[in-house]
Amino acid sequence: MKYIDIHSHVYFPDYDADREEAISRARDADVGVITVGTDLESSTKAIALAEKHENMWAVVGLHPVDANESNIGAIFDYDAFKKLALHPKVVAIGECGLDYFHAPFDAGRQREIFIQHIKLANEVKKPLMLHVRNAKKTGIAGATGNAYEEAVAILREHAKVPFDFHFFAGTAVDLKNIIDAGGSVSFTGVITFVRDYDELVKTVPLDRIMSETDAPFVSPTPHRGKRNEPAYVIEVAKKIAKIRQKEGEDPSVILSALVKNAKKFFSV
Ligand SMILES: [Zn+2]
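This note's numbering numbers the first residue of the sequence shown as 1 and each following residue consecutively.
Below, the structure written as structure tokens:
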């Protein structure tokens, strides 16, 4: 495994026409693929794919947006998720956390369901895949807090397993809080076409950074405007190496660290 995409949703209908081909393209490029459920049904689909493919693993959980009362699947069925979580190809619990970006949301309910995920992760001794997003700057009632700060406080209190903030989009202060609490962050193709995250990419300790696509969303350059897929994580990894290279790090060391970190984090 030369590269690893630690966050994708390959079970989405976006891949109905060519799912096996997309997975083959990743395998042929020596890319490991972690596919992440967002509710009970998609978590089951993620496991089914992981069972079929040697280079794939699954993550099971209820996305914080799906945890809002207004959404179907708002109940976190602990026992049902525990059954999935014990599957040998399930390598983490999530994506879970706090999303104050997509309104309307129910912060209290999200926190409660987030803690349930942490308890499950502790129980099955698997790491946490986190989805955390701050409120829009315009301000939504009930979302005055910093979701990253709240999530880190909750993790410090409850988590006994490693945790990664997927699609990291916080500030330098948020990053420092995460690193101080023992966590890691992962970056998507966004870093290939905006420069806002360069400083963060450079400052993350080399053993706390991972690469992901969040496919089918946010295709990296040069695939902008097309559907994303796990093989494109190569562009993300190379960009991380390029940004950090300016700080004097050897690109091959950075590329191998991205895989090494993920192997250790997910025990794969
Ligand atoms: Zn996701």
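Cβ coordinates follow ideal geometry from the N, Cα and C atoms, glycine included.
Distance cut-off 7 angstroms: residue 161 Cβ against heavy atoms of ligand 1: no
Tell me whether the beta-carbon of residue 147 lies closer than 8 angstroms to the beta-carbon of residue 133. yes
Tell me the residue span of the beta strand (DSSP E) that contains residue 187. 184 to 187
Where the alpha helix (DSSP H) containing residue 148 begins and where it ends: 147 to 158
Per DSSP, residue 98 forms a beta bridge with which residues? 132
Quick one: using the 10 Å Cβ neighbour count with 16 as the cut-off for buried, is residue 103 buried or exposed? exposed
Looking at the secondary structure, which residues open and close the alpha helix (DSSP H) in which residue 115 lies? 107 to 124
N-terminal and C-terminal residue of the beta strand (DSSP E) that residue 58 is part of: 56 to 60
Can you list, in chain order, the residues of its chain whose CB lies under 6 angstroms from that of residue 3, leaving out five sequence neighbours each side? 31, 233, 234, 237
Neighbour-count burial assignment, residue 256, 16 or more Cβ in a 10 Å radius: exposed
For a test of the three-state rule: what should DSSP assign to residue 9, helix, strand or coil? coil
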